[in-house]
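Reading through the structure tokens given below for one structure.
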Amino acid sequence: MKPRPLKVTMMSSEDALFVLKNKSKLNQNSNSNIYIKQDLTSCQSKYLAELQTELQSRIDNGEKNLTIRYINKIPRITTRGTTKRDREEQESPRREKGLKTSKPALCGANSSVPE
């Protein structure tokens, strides 16, 4: 029998973030048939699928310890076991105070960044 999705809406974004961060603990029991996925827009789903394809390609080419992490609400391929500071330095060089950088437009010029 095919599993049916159940949409759950949380009262606060903090509650939703807590559930999403702890969803892996739910599947520690091997008999568990419960899965939690974030509700993504089609644009976000497409971007994440492309990122997962790139991740698999890089792993197949011999790169090790890679994973997808959300940095500033944007999924990116990073190295496992690095600190937040190490990842930030990999992403971009240090910025001078007062300079602002824009977030990348992932789904067209006028679209918002995936959350």
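Numbering of the sequence shown is given in numbering that gives the first Met the number 0, commencing with residue 0 and proceeding in unit increments.
Just so it is clear, CB atoms sit at the ideal spot from N, CA and C, and this is done for glycine as well.
Keep in mind the model is a prediction, meaning the values are calculated, not measured.
Skipping 5 residues on each side, what residues in its chain have a beta carbon closer than 6 Å to that of residue i?
i: residue 51; result: none
i: residue 9; result: 15
Starting from the Cα of residue i, find the closest Cα among the options and give me that residue.
i: residue 31; options: 66, 2, 41 and 69; result: 2
i: residue 72; options: 43, 61 and 0; result: 43
i: residue 37; options: 7, 0 and 79; result: 7
Identify whether residue i lies in helix, strand or coil by the three-state DSSP scheme.
i: residue 33; result: coil
i: residue 52; result: helix
i: residue 57; result: helix
i: residue 25; result: helix
i: residue 5; result: coil
i: residue 39; result: coil
Count the other C-beta atoms from every protein chain shown that fall within 10 angstroms of the C-beta of residue i, then say buried if there are 16 or more, exposed otherwise.
i: residue 77; result: buried
Might you give, ordered along the chain, the residues of its own chain that have their beta carbon closer than 7 Å to the beta carbon of residue i, omitting 5 neighbours on each side?
i: residue 22; result: 35
Take residue i and list the residues in its own chain whose beta-carbon comes closer than 8 Å to its own, dropping the five residues that flank it on each side.
i: residue 74; result: 46, 47, 50, 67, 68 and 113
i: residue 19; result: 35 and 37
i: residue 58; result: 65
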